[in-house]
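*Asks:* Residue numbers for the sequence shown follow numbering that gives the first Met the number 0, beginning at 0 and rising by one.
C-beta atoms are modelled at their ideal positions from N, C-alpha and C, and glycine is treated no differently.
These numbers were taken from a predicted model, which means no experiment stands behind them.
Here it is, the structure in full.
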Amino acid sequence: MASKILIIGACGQIGTELTMALREKQGKENIIACDIREGSKELMASGPFEIADATNYHQIEDLVIQYEIDEVYLMAAMLSATAEKFPMKGWALNMDSLFHVLNLAKDGKVSKVFWPSSIAVFGPTTPKQNTPQTTIMEPTTVYGISKQAGERWCEYYHRKFGVDVRSIRYPGLISYKTLPGGGTTDYAVEIYHEALKTEKYTSFLKEDTELPMMFMDDAIRATISLMEAPAEKVKIRSSYNLSALNFTPETLAASIQKHIPDFEISYDPDFRQAIADSWPSSIDDSAAREDWGWRHEFDLEKMTSQMLEGIKEVHHV
Ligand SMILES: NC(=O)c1ccc[n+]([C@@H]2O[C@H](COP(=O)([O-])OP(=O)(O)OC[C@H]3O[C@@H](n4cnc5c(N)ncnc54)[C@H](O)[C@@H]3O)[C@@H](O)[C@H]2O)c1
């Protein structure tokens, strides 16, 4: 029998595609989407949806009981750039929602949890190139502090209470179906939209700011494959490093110019530059590759072709 899955924060950049992929794979009636707001037409029409607040334990518990949920994917969070503006709200959302889900698992009400971490757990004292799985972590953003604390709590709940919690430190995610929700790597999505609309883009990061990134299809495949892996293969219960590509705004612009030769990029860094400067440039994800067989499929050229085609098709640009 297919597991019954609850996706919290299902209307966001990752949640939308994750919900659609799981519905396709496991049957729409088995995948319950919830969020504090409604999502895209495609998402709303594709299966069960409920409005619920991730910070309200009883609302989440009610859904778990009503739909006899086995697994929870907690995608609701306040992202890096927004959380710098609303630190206490960001901390409360990111931590309260995680405790609610971990406690539901501890009490045996759900059997498996996915919770996303981020490359934001690293900080300026972390080795920047090929950042190891286990290394110095002194995050300097509210978001990074919440993800670091979250990782420690996931591992604690696993060790102390046997909770089957699994996690990935996502790099910046690039997608065309849903717009990003206030992160530091959002430029790498906006640039494609503006390239098609106006053939110009002003980047809020400097030309040589190299960050780890990944195309959404790879991130969704990684997430589902980690959740499907036998428990004994999931050796890391804080969060797995995961890597696909690393690029700068300048190299991304050059890959777009191969398709749109007149495309021009300019640079006007803002407060997000300091956040990006504190993060790694590239990530060592050998543990994910060894433990549960992670392989990425999209390189920069393949991603750029897919992004430009996808935006034209979905957004009629
Ligand atoms: N997108 C990325 O590049 C990226 C990178 C690293 C980690 N992550 C992590 O992945 C997860 C999902 O990120 P995303 O990019 O899809 O974020 P997003 O901002 O696009 O989506 C988050 C969703 O959560 C919902 N939400 C907010 N508060 C809520 C609440 N109280 N109750 C219920 N729903 C609520 C929002 O309405 C939104 O639909 C987050 O934990 C994020 O930190 C994302």
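Distance check for Lys234 and Asp290, CA to CA, integer angstroms please.
*Replies:* 7 Å
*Asks:* Quick one: grab the DSSP three-state call for Gly180.
*Replies:* Three-state result, Gly180: coil.
*Asks:* I need the boundaries of the alpha helix (DSSP H) containing Tyr156, first residue and last residue.
*Replies:* Val141 to Phe160
*Asks:* Alpha carbon to alpha carbon, what distance is there between Pro115 and Leu73?
*Replies:* Their backbone Cα atoms lie some 7 Å apart in a straight line.
*Asks:* Would you mind reading off the limits of the alpha helix (DSSP H) that contains Ile190?
*Replies:* In the DSSP assignment, Ile190 falls within the alpha helix (DSSP H) that extends over Tyr186 to Lys196.
*Asks:* So, helix, strand or coil for Met330, using DSSP?
*Replies:* Outside the shown range of the chain (0 to 316) lies residue 330, about which nothing can therefore be said.
*Asks:* Would you call the stretch 246-264 and the stretch 109-124 in contact, with 3 or more CB pairs under 8 Å?
*Replies:* Too few Cβ pairs lie closer than 8 Å, so no.
*Asks:* Grouping DSSP H, G and I as helix and E and B as strand, with all else coil, what is Ala32?
*Replies:* In the three-state reduction of the DSSP assignment, Ala32 falls in the strand class, which pools E and B.
*Asks:* Could you name the residues that DSSP lists as bridge partners for Phe98?
*Replies:* Its beta-bridge partners do not exist; DSSP assigns none.
*Asks:* Excluding the five sequence neighbours on either side, which residues of its own chain have a C-beta within less than 7 Å of the C-beta of Thr18, listed in chain order?
*Replies:* Counting only residues of its own chain and dropping the five nearest sequence neighbours on each side, Thr18 has a CB closer than 7 Å to the CB of Ile6, Ala9, Ile30, Ala32 and Leu42.
*Asks:* Can you tell me where the alpha helix (DSSP H) with Pro248 in it begins and where it stops?
*Replies:* Pro248 to Gln256
*Asks:* If we call anything under 8 Å between Cβ atoms a contact, is Gly292 one with Gly180?
*Replies:* no
*Asks:* If you count every other CB in all the chains shown that lies within 10 Å of the CB of Lys146, and 16 or more means buried, which is it?
*Replies:* buried
*Asks:* Once you ignore the five residues that flank Ser2 on each side, which residues in its own chain have a CB closer than 6 Å to its CB?
*Replies:* Asp69 and Glu70
*Asks:* In the DSSP output, what is Val164 paired with across the bridge?
*Replies:* In the DSSP output, where bridge partners are listed per residue, Val164 has Val112.
*Asks:* Mark Arg294 as exposed unless 16 or more other C-beta atoms lie within 10 angstroms of its C-beta, in which case mark it buried.
*Replies:* exposed
*Asks:* Which residues in the same chain have their Cβ closer than 6 Å to the Cβ of Phe48, if we skip the five residues on either side of it in sequence?
*Replies:* Ala32
*Asks:* Is Arg151 buried or exposed, if buried means 16 or more other CB atoms sit within 10 Å of its CB?
*Replies:* Label assigned to Arg151: exposed.
*Asks:* Short check: CB of Glu60 to CB of Lys105, under 8 Å?
*Replies:* no
*Asks:* Have a look at the DSSP bridge pairing and note the partners of Thr201.
*Replies:* Ser265
*Asks:* In terms of residues, what are the limits of the alpha helix (DSSP H) holding Glu41?
*Replies:* Lys40 to Ala44
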